[in-house]
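Just below is one structure, and these are the notes that go with it.
Number of protein chains: 2
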Amino acid sequence: MLGQMMQQPLLVSSLLVHAERHHGEREIVSRRVEGDLHRTTYRELAARSRRLANALTKLGVQRSERVATLAWNGYRHMELYFAVSGMGAVLHTLNPRLHPEQLLYIAEHAEDQALFFDLTFLPLVAAVAGRLQKVRHWVALCARAHLPADAAKIPGLLCYEDLIDAHHDRFDWPEFDENSASSLCYTSGTTGNPKGVLYSHRSTLLHTYAAALPDALNCSATDSILPVVPMFHVNAWGLPYVGCMTGAKLVFPGPALDGKSLYELFESEQVTLSAGVPTVWQGLLAYVQGNGLKFSSMRRTVIGGSACPPAMLRAFGEGLGVHVLHAWGMTETSPLGTTCAFKAAHAGLDKDGRYALMAKQGRAIFGVDMKVVDDAGQELPFGSEQQGELLVRGPWVIESYFKDVGGSPLRSDAAGRGWFPTGDVATIDADGYMHITDRSKDVIKSGGEWIGSIDLENIAMAHPAVAMAACIGVPHPKWDERPLLVVVKKPGAEVTRDELLASFGGKIAKWWLPDDVVFVDAIPLGATGKMQKNKLREQFRDYQLPSA
Amino acid sequence: MLGQMMQQPLLVSSLLVHAERHHGEREIVSRRVEGDLHRTTYRELAARSRRLANALTKLGVQRSERVATLAWNGYRHMELYFAVSGMGAVLHTLNPRLHPEQLLYIAEHAEDQALFFDLTFLPLVAAVAGRLQKVRHWVALCARAHLPADAAKIPGLLCYEDLIDAHHDRFDWPEFDENSASSLCYTSGTTGNPKGVLYSHRSTLLHTYAAALPDALNCSATDSILPVVPMFHVNAWGLPYVGCMTGAKLVFPGPALDGKSLYELFESEQVTLSAGVPTVWQGLLAYVQGNGLKFSSMRRTVIGGSACPPAMLRAFGEGLGVHVLHAWGMTETSPLGTTCAFKAAHAGLDKDGRYALMAKQGRAIFGVDMKVVDDAGQELPFGSEQQGELLVRGPWVIESYFKDVGGSPLRSDAAGRGWFPTGDVATIDADGYMHITDRSKDVIKSGGEWIGSIDLENIAMAHPAVAMAACIGVPHPKWDERPLLVVVKKPGAEVTRDELLASFGGKIAKWWLPDDVVFVDAIPLGATGKMQKNKLREQFRDYQLPSA
Chain U
3 MLGQMMQQPL
13 LVSSLLVHAE
23 RHHGEREIVS
33 RRVEGDLHRT
43 TYRELAARSR
53 RLANALTKLG
63 VQRSERVATL
73 AWNGYRHMEL
83 YFAVSGMGAV
93 LHTLNPRLHP
103 EQLLYIAEHA
113 EDQALFFDLT
123 FLPLVAAVAG
133 RLQKVRHWVA
143 LCARAHLPAD
153 AAKIPGLLCY
163 EDLIDAHHDR
173 FDWPEFDENS
183 ASSLCYTSGT
193 TGNPKGVLYS
203 HRSTLLHTYA
213 AALPDALNCS
223 ATDSILPVVP
233 MFHVNAWGLP
243 YVGCMTGAKL
253 VFPGPALDGK
263 SLYELFESEQ
273 VTLSAGVPTV
283 WQGLLAYVQG
293 NGLKFSSMRR
303 TVIGGSACPP
313 AMLRAFGEGL
323 GVHVLHAWGM
333 TETSPLGTTC
343 AFKAAHAGLD
353 KDGRYALMAK
363 QGRAIFGVDM
373 KVVDDAGQEL
383 PFGSEQQGEL
393 LVRGPWVIES
403 YFKDVGGSPL
413 RSDAAGRGWF
423 PTGDVATIDA
433 DGYMHITDRS
443 KDVIKSGGEW
453 IGSIDLENIA
463 MAHPAVAMAA
473 CIGVPHPKWD
483 ERPLLVVVKK
493 PGAEVTRDEL
503 LASFGGKIAK
513 WWLPDDVVFV
523 DAIPLGATGK
533 MQKNKLREQF
543 RDYQLPSA
Chain W
3 MLGQMMQQPL
13 LVSSLLVHAE
23 RHHGEREIVS
33 RRVEGDLHRT
43 TYRELAARSR
53 RLANALTKLG
63 VQRSERVATL
73 AWNGYRHMEL
83 YFAVSGMGAV
93 LHTLNPRLHP
103 EQLLYIAEHA
113 EDQALFFDLT
123 FLPLVAAVAG
133 RLQKVRHWVA
143 LCARAHLPAD
153 AAKIPGLLCY
163 EDLIDAHHDR
173 FDWPEFDENS
183 ASSLCYTSGT
193 TGNPKGVLYS
203 HRSTLLHTYA
213 AALPDALNCS
223 ATDSILPVVP
233 MFHVNAWGLP
243 YVGCMTGAKL
253 VFPGPALDGK
263 SLYELFESEQ
273 VTLSAGVPTV
283 WQGLLAYVQG
293 NGLKFSSMRR
303 TVIGGSACPP
313 AMLRAFGEGL
323 GVHVLHAWGM
333 TETSPLGTTC
343 AFKAAHAGLD
353 KDGRYALMAK
363 QGRAIFGVDM
373 KVVDDAGQEL
383 PFGSEQQGEL
393 LVRGPWVIES
403 YFKDVGGSPL
413 RSDAAGRGWF
423 PTGDVATIDA
433 DGYMHITDRS
443 KDVIKSGGEW
453 IGSIDLENIA
463 MAHPAVAMAA
473 CIGVPHPKWD
483 ERPLLVVVKK
493 PGAEVTRDEL
503 LASFGGKIAK
513 WWLPDDVVFV
523 DAIPLGATGK
533 MQKNKLREQF
543 RDYQLPSA
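If you're matching them up, the sequences are chains U and W in order. In this text, residue positions in the first sequence follow the working numbering: the first is 3, and each later residue adds one. In this text, residue positions in the second sequence follow the working numbering: the first is 3, and each later residue adds one.
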């Protein structure tokens with residue numbers, strides 16, 4: 003027997019309709035590539051999204067076809083989010099930080115029919131345009147007056163504002179199966195070709211509800227949200243959708259992600275909540291601390307993508323009064339899986355206890371379930387403190403990659419059937435708080451035991467002279483692998499190998515102590531701002547450890 | 003093209019699984035009919051729910067069959083919520099405040115197979131049991147030791163704790179279509195037979211996500227929630243489900259709803275959030291104010307079901323530091339439709355401005371859309387200040403009544419097709435805040451114009467001598483109807499007709515002023531605590547107004 007409530011599909015367009023209708027006056031502020039600060043509202047954004055949907059229809063974009071973007075965080079990118087998904091096509095956000103060859107592979111694999119790009123990426127687009135035969139339309143995200151002379155290199159280049167102006171703002175968002183694809187984002191795996199994760203309208207809407215909950219991102223109409231996390235990276239963790247659902251003000255930083263630009267935007271737009279990966283906050287923290295500044299409105303920031311070093315938690319919390327909410331997720335999980343919101347039982351924790359808890363990635367948001375399993379696939383009970391691979395499942399977790407590349411990513415063994423193996427190594431404590439100890443491929447295997455590289459990096463990062471630290475396993479004749487610490491010093495700061503190793507005293511088991519330290523000028527970062535330890539391992543493959 | 007995320011149905015059982023797994027230690031505290039305060043946890047509740055599901059299976063309860071309850075708010079009732087819906091049967095919550103003849107009608111119409119009841123209702127059950135042939139199992143919600151001697155009047159009566167004890171706690175919640183029926187609640191209409199609203203697992207889960215959002219009930223794991231609103235009334239506004247989703251502590255008051263009992267429970271369990279209809283708060287406010295008490299932990303309460311008088315908003319807010327969140331909903335809307343959460347634009351309001359806003363029922367929660375239409379069915383624009391009938395739609399709004407009684411409740415005219423007409427008369431302001439001015443059947447029609455009875459009642463309620471006020475239209479030879487104010491004075495308080503009418507001065511248009519005042523000992527309340535104005539209209543049908 004079926005219930006007798008209205009059947010309404012969960013569609014991305016409904017978010018925009020709600021925002022226009024119930025939060026029409028709320029602002030969306032964008033730092034543009036053109037250099038200025040642009041202000042619009044949900045009402046205007048909705049009208050322009052409908053114009054864009056008419057334009058895309060006129061250009062011949064069909065239901066389910068992919069429309070690609072190469073763009074910073076901004077209102078035009080957001081219009082593409084809603085126009086493309088809303089009309090039933092699939093928004094494909096390309097990551098401009100990828101190597102051009104990878105971009106070519108991805109755009110071809112996705113069969114992108116149109117590509118919308120910010121002017122920043124004109125050289126990149128000019129370089130690849132001739133090799134992307136399937137792309138029928140190239141659109142520069144600007145007004146015609148801003149088109150540079152060399153734009154003529156791209157035959158038939160269209161101008162976004164012309165497109166918008168040429169169409170009226172009446173468009174009825176179609177109704178269709180909520181399981182239809184809405185957007186596509188490729189993972190930048192460290193080995194092999196990137197693989198596409200194809201989100202549905204249903205998965206996006208459910209993720210949006212869950213993301214806005216008080217113990218997740220806790221977003222309300224009174225918030226002013228600045229997503230530093232790019233809209234080309236897992237849909238900016240869902241924040242453009244959360245904005246529409248809640249009526250929060252959205253502040254988009256465009257290409258200006260340096261500490262000074264971000265700080266000024268936080269202040270001028272009275273931002274209350276931000277979100278990004280740890281590496282983007284380094285510059286902001288340095289600028290704010292270096293100039294003795296404070297935040298007048300920012301109270302919370304969400305950090306995920308990589309583990310947030312405890313030193314950064316304290317720098318924000320104790321130094322600046324900004325509570326860091328540690329979160330965990332992946333492209334394959336839309337991305338939110340866990341957030342480190344406190345439980346009532348934690349009310350009595352002292353400061354050190356609170357920070358120790360905040361360093362964990364947190365507990366499952368309702369919708370996602372998780373477990374940690376041993377090598378045999380058996381679940382390790384919560385509170386066992388044993389580390390194992392983290393498995394997750396839920397209605398916004400991947401079932402299979404786009405075009406089924408690589409076969410089913412899910413576990414097929416009896417114990418893990420139907421679960422997605424994250425590739426993360428983690429523990430789960432008795433309260434259900436998950437703590438990532440490593441990526442499974444980054445784990446250092448010493449004498450048959452695992453050493454978690456993240457703990458070692460966090461201790462190194464706490465040293466005042468250290469700007470960035472990576473710990474990798476290098477081959478060792480007796481122990482198979484031993485940890486090597488690779489460190490970037492802060493500008494002008496000094497620290498010796500022995501001083502740094504001495505700072506580990508009493509904080510870890512003795513056999514976890516890195517065998518050596520090397521100082522480098524830079525650690526390679528991937529397209530999503532994560533340290534590329536595979537490159538470091540390659541670089542230090544033949545490194546002679548003193549103990550070897 | 004479909005997205006490639008996991009297909010997981012939205013099921014009520016997943017709420018319990020989440021609560022057990024991620025909030026297993028969190029408490030559920032219940033004042034029992036037995037008189038004591040009972041403490042359990044989500045972990046224990048989940049295990050007992052599985053035992054109960056085994057017991058129901060053994061009793062022969064099949065998928066989709068209705069299992070009825072006649073019970074107060076408590077942990078056993080909550081176990082029924084999850085065991086019955088979780089196994090795929092339908093939880094039917096009967097309202098014990100209904101007349102026995104209505105109860106009989108409802109239980110027969112629903113074809114209830116089993117009835118679980120608190121001992122409070124033994125006399126009621128004993129009176130109707132012989133006439134309910136389809137009910138195969140009668141279960142008293144207690145331990146055998148608490149069964150009174152006269153329980154033997156009900157042949158084959160089972161004892162709940164025996165049932166639980168006799169079965170093991172291993173039960174795999176089945177997976178099925180999320181559109182399956184999960185629970186059933188009858189509306190107690192003022193005319194005609196009650197009609198059933200049949201919720202689905204999908205509608206329940208989506209409503210739960212929306213209800214927990216920061217601008218809705220704003221529930222987190224650190225909350226301690228006491229639902230005064232009964233679990234037999236639209237699933238206690240969804241709070242048992244919200245508890246599981248968020249890991250909030252739940253505090254159930256059982257049958258003890260007097261001011262003293264409630265206050266003591268608020269304090270002893272450090273309740274942070276409560277919810278109920280305006281009439282239940284009268285007793286609590288009188289007790290707290292009369293004894294010069296304060297709340298040490300309670301900061302918010304949700305008031306809905308009927309319009310909350312502005313005087314009550316201020317009594318809670320100014321006197322006790324408890325923020326009242328005004329909300330609107332109906333049995334047909336699961337129930338949450340709107341909540342009166344502020345927007346950023348309201349930050350500059352002064353105190354009077356804030357209270358004026360808080361007196362509105364609020365703005366649409368994402369998922370529900372609403373509009374106000376004129377007599378011709380045309381939408382009145384937001385901000386027009388014109389009143390009209392409120393229409394709503396959304397995935398947790400009714401499509402049709404159980405067994406399609408009364409035909410489709412939805413509008414069939416072109417302008418309103420697919421919308422549910424609420425029977426409420428309302429305005430919507432420019433910011434999207436809806437304000438109920440009346441029930442359409444309670445509107446007073448004077449000289450072709452509408453007079454909203456709620457505004458008049460609110461003014462009367464603000465007088466210190468008034469405990470309760472109802473304003474009804476009575477026949478008038480010239481104007482068709484004119485308003486008559488029916489008032490219950492506070493114990494020991496005095497006020498005259500003329501004094502009371504004088505208090506309306508300057509607050510309303512002159513032609514809205516009630517023509518007369520009658521003082522009565524009591525105003526009849528319906529089964530959900532709302533004033534039964536139809537009975538008052540009947541009673542005063544021949545009342546001679548001085549102007550007539």
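Don't be surprised by glycine CBs; every beta carbon is placed ideally from N, CA and C. Keep in mind that this is a model prediction, so the values were computed, not measured.
Quick one, which of the options has its alpha-carbon nearest residue i's?
i: V324(W); options: G339(W), L295(W), N97(W) and L503(W); result: L295(W)
i: E67(W); options: Y77(W), K197(W), L117(W) and R28(W); result: L117(W)
i: C221(U); options: H235(U), P242(U) and V230(U); result: P242(U)
i: E540(W); options: A511(W), R499(W) and V488(W); result: V488(W)
i: S182(U); options: H209(W), G5(W), T189(W) and H94(W); result: G5(W)
i: S548(U); options: L259(U), A504(U), D517(U) and Y289(U); result: Looking at the sequence provided, one finds Pro at residue 548(U) rather than Ser. The shortest Cα separation from P548(U) among L259(U), A504(U), D517(U) and Y289(U) belongs to D517(U).
i: A21(U); options: R65(U), R33(U), V35(U) and M80(U); result: M80(U)
i: L392(U); options: S410(U), D371(U), Y403(U) and V407(U); result: D371(U)
i: H348(U); options: Q388(W), T224(W), Y435(W) and S410(W); result: T224(W)
i: G494(U); options: T429(U), S298(U) and A469(U); result: A469(U)
i: I510(U); options: E459(U), R499(U), D174(U) and A218(U); result: E459(U)
i: V92(U); options: D174(U), S202(U) and A346(U); result: S202(U)
i: R34(U); options: D217(U), M3(U) and G256(U); result: G256(U)
i: V31(W); options: G245(W), L18(W) and F344(W); result: G245(W)
i: E110(W); options: F119(W), D120(W) and L96(W); result: L96(W)
i: F2(U); options: M3(W), I438(W) and T424(W); result: Residue coverage of chain U in this structure runs from 3 to 550, which leaves residue 2(U) outside it and unanswerable.
Distance check for residue j and residue i, CA to CA, integer angstroms please.
i: T333(U); j: S185(U); result: 12 angstroms
i: Q380(W); j: A417(W); result: 6 angstroms
i: H25(U); j: G249(U); result: 5 angstroms
i: R50(U); j: N56(U); result: 10 angstroms
i: F384(W); j: L47(U); result: 19 angstroms
i: A432(W); j: G364(W); result: 12 angstroms
i: R441(U); j: D426(U); result: 4 angstroms
i: A317(U); j: R204(W); result: 43 angstroms
i: D444(U); j: L527(U); result: 15 angstroms
i: V524(W); j: A471(W); result: Before going further, note that residue 524(W) is Ala rather than Val in the sequence given. The alpha-carbon atoms of A524(W) and A471(W) are separated by roughly 10 angstroms.
i: C342(W); j: L106(U); result: 50 angstroms
i: D482(W); j: L327(W); result: 37 angstroms
i: L124(W); j: H235(W); result: 20 angstroms
i: S308(U); j: G434(W); result: 40 angstroms
i: L287(W); j: Y357(W); result: 18 angstroms
Segments assigned beta strand (DSSP E), at least 3 residues, entirely inside the stretch 291-378 of chain U:
302-305, 325-331, 338-341 and 371-375
Inter-stretch contact at 8 angstroms, needing at least 3 Cβ pairs: the stretch 7-22 of chain W / the stretch 532-544 of chain U
No, the stretch 7-22 of chain W is not in contact with the stretch 532-544 of chain U.
Which residues, taken in chain order from the stretch 212-227 of chain W, show a beta carbon closer than 9 angstroms to some beta carbon of chain U?
A212, A214, L215, P216, D217, N220, C221, S222, A223, T224, D225 and S226
Evaluate contact between the stretch 193-211 of chain W and the stretch 258-275 of chain W, counting only Cβ atoms and requiring at least three cross-stretch pairs below 8 angstroms.
no
I want to know whether the stretch 385-398 of chain W touches the stretch 31-47 of chain U - three or more CB-CB distances under 8 angstroms.
no
At a CB distance below 7 angstroms, what residues from the stretch 287-318 of chain U approach chain W? Give them in sequence order.
none
Using a Cβ-Cβ cutoff of 8 angstroms, what residues of the stretch 178-210 of chain W are near chain U? List them in chain order.
D179, N181, S182, A183, S184, V199, L200, Y201, S202, H203, R204, S205 and L208
Interface positions of the stretch 32-61 of chain U facing chain W (Cβ-Cβ less than 7 angstroms), listed along the chain
none
For the stretch 125-197 of chain U, list the alpha helix (DSSP H) runs that are entirely contained and at least 4 residues long, ordered along the chain.
162-167
According to a CB-to-CB cut-off of less than 9 angstroms, which residues of the stretch 380-402 of chain U neighbour chain W?
Taking 9 angstroms as the upper bound on Cβ-Cβ separation, chain W lies near residues F384, R395, G396, P397, W398, V399, I400, E401 and S402 of the stretch 380-402 of chain U.
By the 9 angstroms beta-carbon criterion, what residues does the stretch 234-254 of chain U contribute toward chain W?
C246, M247, T248, G249, A250 and K251
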